[in-house]
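A.B. asks:
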Amino acid sequence: DGVAVIHMGEVKREDVIPQMAEFCLQIEGIEWGVVSGLCGDRVVISVRNVGYVKSAGDIMKRLFDELGSAGGHRAMAKAVIPLSRFKERFGEVSEKVIREAMVPLITQREEESGHD
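So in my numbering, spot 86 of the sequence shown is number 349, and the numbers just go up one at a time.
1) Does the beta-carbon of I280 have 16 or more other beta-carbons within 10 angstroms, so that it is buried, or is it exposed?
2) Going by C-alpha to C-alpha distance, which of H336, I322 and G314 sits closest to L288?
3) Based on the DSSP secondary-structure assignment, which residues constitute the bridge partners of C287?
4) Cβ atoms of E294 and G265: under 8 Å apart, would you say?
5) Using alpha carbons as the reference points, say which of V297, F286, E285 and K275 lies closest to A364.
6) Report yes if the C-beta distance between V343 and S332 is below 8 Å; otherwise report no.
7) Can you grab the Cα-Cα spacing for the pair M271 / K341, in whole Å?
8) Contact check, D278 vs P345 under 8 Å by CB: the rounded distance?
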């Protein structure tokens, strides 16, 4: 599929989340790195891609901006969602639910980039 999806659980430093997303691009065949983590009272989702595909920032903004802060550029994007808003929208905060919340991100990536 060309996508690496990782949930890091609780992290002390938010910067490790985008670093892991960037690292995912070093894996052969991976074009998108989608990494989430819990940092303090926030869910943080970071996306990196190889840059010649559809805009990660536009997709993140569409999916998560109403819940918190989301946006970015073609090759990198980020969403920061307060836990309270995430719970309101998705019912709970767990690895399974966070991964499920990221599925539309992967689906829209495929639709917009012309992948099947």
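For glycine and all other residues, C-beta sits at the position ideal for the given N, C-alpha and C.
C.D. replies: The relevant details are as follows:
1) Sequence index remark: in the sequence shown, residue 280 carries index 17 (1-based). Under this definition I280 is a buried residue.
2) What you label residue 288 is simply residue 25 of the sequence shown in a count that begins at 1. Of H336, I322 and G314, the residue nearest in Cα terms is G314.
3) Working through the sequence shown from its first residue, we reach residue 287 at position 24. Paired residues: none, contrary to the question.
4) Taking the sequence shown and counting its residues from 1, one reaches residue 265 at position 2. Taking the sequence shown and counting its residues from 1, one reaches residue 294 at position 31. Against a cut-off of 8 Å, the Cβ pair of E294 and G265 comes out as a contact.
5) Translated into the one-based positions of the sequence shown, residue 364 becomes position 101. When each option's Cα is compared against that of A364, the closest is V297.
6) Taking the sequence shown and counting its residues from 1, the one referred to as residue 343 is at position 80. Taking the sequence shown and counting its residues from 1, the one referred to as residue 332 is at position 69. Going by C-beta atoms, V343 is nearer than 8 Å to S332.
7) Taking the first residue of the sequence shown as 1, we reach residue 271 at position 8. Taking the first residue of the sequence shown as 1, we reach residue 341 at position 78. Rounded to whole angstroms, M271 to K341 spans 15 Å at the Cα level.
8) Indexing the sequence shown from 1 puts residue 278 at position 15. Indexing the sequence shown from 1 puts residue 345 at position 82. Incorrect: roughly 19 Å between the Cβ atoms, too far for contact.
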